[in-house]
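Chains as they are written, first to last, in our numbering: chain A, 1180 to 1603; chain B, 1180 to 1603.
Each remark here refers to the structure printed beneath this line.
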């Protein structure tokens, strides 16, 4: 934990410019955010994957059912506890029992560590917190030993009338940590208890393209406030519908949009003097876990997809089919860590509208233009060593608290986009 | 900062009992507090002096204009920043400029360090924060170099119509860090800007006896919730009015109340098997800075006060006269630090209803029954090494996070009493 990520400083200019600019306009940034949260309350919690290309910092994924709490710096647990208290007060001040509804992949010990860390945050905040599972093969509570030495207890969800619980534990609040990729389970429909985030925020209803449409608007408003080019904080996005990769149907739109997108990126690269080949990321519109994601550097690659690639793009988590895809500007990750220059991608965690921490996904075997959150891939978590809310204007913009502040700003822009997206 | 206070563990029993009890009932404690804050919003900020006698932990002073922010552990700055953001959002979400109104003792560098630390908390939270002075001899902004290497800039307050500011800085919010012992300044009356805490919370209006009357009620309600004797968390209190120490008038009431109080304490000591002589603290009802405070072990001491003692009791800060006094149970400080067993008194800091840190006043030259916050006295600040909001039920109750949690609970009881006291 003590080690500080070695950050690439070779490409100085524009990187420092963004961070310096955010610092210089910090009061404006923060008062703008305060006004935004009054209009659109933040989701209960979220994590945002960022890519820092040096010349731009942009979100590439916003998770409303975040895992990975175990990767946060334990020193910042007090921040999580404060923020969890705030978040609970905001949605249900009288709550004293909270039920966390888990994902179904119960064999992933990393995920169970995250669940238990999340449970402990609420426990420490003075709430009785339990974890419930939707899995039908869990018929009674099971306790799993974790590598950290903790244990995680999963109990089967039961429903009586319009209330769910585990055993005789009847919670005031139901907190979803299951992204509903497999659909909205009947057991969660029409509950008298408050369900947060709402079921409609799950991937069964949500689309990445909606999120990024909101993000473009948020980024444009924000950029106007502090007078920057919105491109410096947002990835260009287009979308295509009715695609059937297996039968090669609907790919014309994809080929066209990839061409358009590569052209747009090149234009921006020319404007800023970036000497790198543009690339595009194609994502299943409702996918998650890095499934149904593909990087391409030219439109021809779409036409030439082999069977394996087409199968991969056709299936998302839990077997759901990919029909709509998001065509998004690829953002290089130019932060590296260690002597081997392992690629590092920051992930920022928020509760209510507070940034509570983050970590880097560090991966030695991947390139700067590859997705670091792919199925089965291994990454080393590297907790942020400083909080994201203590910028210091008198220090250099690329010192850690200032870089982390910049990450916290961009992550909150994505949080605001998600807030608008799920607003009822 | 790294050193951990050595805490006396000799008197195990009842100390551990209170702390264990608070831990065991943490969920109840926290949900009770949540419900209380809904009914009575917390003051913007406060600090509470506690005394830990081993067999009881009680607040002895609640400061609604806290100084000493410079004594907090810098590691917990992120907590302060979060809480300051919350506090500002609660009272004035659209604010982006805040003016701190300072005390008049501008030569006290420790105070100026605290002011500047407070200013930096708001600055880091993304507010434009300045410091204004009421002193008439400050005719233009002065910048003072501080021992920490920081500087503190004090500017003269100016009023235009119903708004105050410094120079061309016109704040949305006016934050008092001046306790108004010298009275309510005309320049602060009838402002269009929000003034927090309200002028009525200053010592020109406030009485310690009111605070402790509210505290008794809060402690009784709290104790009933978790089924403890309220005496374990509160000092007994009585009051006397119309006292003129110089002319020895009105001291009959004092003699009588000291006798009653000593009897009541002895009864409690007998009940709990405490083998120590009871003592009583006599405090000016509107005093602060430890002025107008006296410890007595018998009623005779009142009759035999010498001229120096009477003079001391007659004058409080900035020459205001003492008329009403609070007769309060003396609470031993049985926490000591280091090999010399220096007496240590915890001070807990809060913003909104969040505990943001604390420190020990450590004093080698004082006894366990003496006031550690007296005029001209020197203390060593010893920052809490852990936050107050990460209790761990699986650890021993006297481990640091758990002890600090207990302090945070008692301090918040005093905060709640203050909230009820200043409620408009």
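Each residue gets a CB set at the ideal place from its N, CA and C atoms; glycine is no exception.
For residue 1462(A), the enclosing beta strand (DSSP E) starts and ends at 1459-1463. The beta-bridge partner set that DSSP reports for residue 1375(B) consists of 1354(B). Proximity of residue 1368(A) to chain B, defined by a Cβ-Cβ separation below 8 Å, is not satisfied. Assignment of beta strand (DSSP E) within the region 1255-1305 of chain B, counting only whole runs of 3 or more residues, yields 1276-1280 in chain order.
With respect to residue 1312(B), residue 1285(B) sits close: the two C-beta atoms are nearer than 8 Å. For residue 1530(B), the enclosing beta strand (DSSP E) has its first and last residue at 1521-1530. Nearest CB-CB separation between residue 1261(A) and chain B: below the 8 Å threshold.
If you compare the alpha carbons of 1389(B), 1429(B), 1576(B) and 1526(B) with that of residue 1481(B), the shortest gap goes to 1429(B). At a cut-off of 8 Å, the C-beta of residue 1292(B) has no neighbouring C-beta in chain A. When secondary structure is reduced to three states using DSSP, residue 1385(B) falls in the coil class, being assigned neither helix nor strand. Its Cα nearest to that of residue 1223(A), the residue 1374(A) stands out among 1588(A), 1582(A) and 1374(A). Taken atom to atom, the span from the alpha-carbon of residue 1452(A) to that of residue 1200(A) is near 19 Å.
Selection 1268(A), 1207(A), 1237(A) and 1233(A) evaluated against residue 1530(A) yields 1268(A) as nearest (Cα-Cα). For residue 1571(B) against residue 1534(B), the beta-carbon gap comes to about 16 Å, at or over 8 Å, which does not count as contact. In this model, residue 1354(B) and residue 1255(B) are separated by some 22 Å (Cα to Cα). Between the beta-carbon of residue 1279(B) and that of residue 1356(B) there is about 5 Å, and that keeps the pair under the 8 Å contact cut.
The continuous beta strand (DSSP E) containing residue 1237(A) extends over residues 1236-1242. When DSSP reads this structure, residue 1516(B) sits in a beta bridge with 1521(B).
For residue 1231(B), the uninterrupted beta strand (DSSP E) run begins and ends at 1224-1231, by DSSP. Sequence-distant partners of residue 1502(B) (beyond 5 residues in either direction) whose C-beta falls short of 7 Å from its own C-beta, in its chain, are 1420, 1421 and 1422.
Listed as beta-bridge partners of residue 1339(A) by DSSP are 1342(A). Not a single C-beta of chain A is nearer than 8 Å to the C-beta of residue 1527(B). Counting only residues of its own chain and dropping the five nearest sequence neighbours on each side, residue 1505(A) has a CB closer than 7 Å to the CB of 1387, 1388, 1391, 1416, 1418, 1462 and 1464.
In this structure, DSSP gives residue 1563(A) a state outside helix and strand, which the three-state scheme calls coil. In this structure residue 1275(B) is in contact with residue 1307(B), their Cβ atoms being roughly 6 Å apart against a cut-off of 8 Å.
Secondary structure of residue 1597(B) (DSSP, three-state): helix. Of the residues assessed, residue 1399(B) falls on the exposed side of the cut-off, its CB having fewer than 16 other CB atoms within 10 angstroms. In chain order, 1264, 1267, 1268, 1272, 1273, 1274, 1275 and 1305 make up the part of chain A whose C-beta sits under 9 Å from the C-beta of residue 1213(B). Residue 1241(B) sits buried, since 16 or more C-beta atoms from the chains shown fall within 10 Å of its C-beta. Closer than 8 Å to the CB of residue 1226(B) there is not a single CB belonging to chain A. Put simply, the CB of residue 1506(B) is far from chain A, with every gap to its CB atoms at 8 Å or more.
A distance of 8 Å or more separates the beta carbons of residue 1414(A) and residue 1488(A).
Using a CB distance cut-off of 8 Å, residue 1530(A) does not count as an interface residue toward chain B. In the three-state reduction of the DSSP assignment, residue 1209(B) falls in the helix class, which pools H, G and I. Burial state of residue 1322(A) is exposed, judged by a 10 Å Cβ sphere holding fewer than 16 other Cβ atoms. The continuous stretches of beta strand (DSSP E) do not include residue 1425(B), and DSSP gives it neither H nor E.
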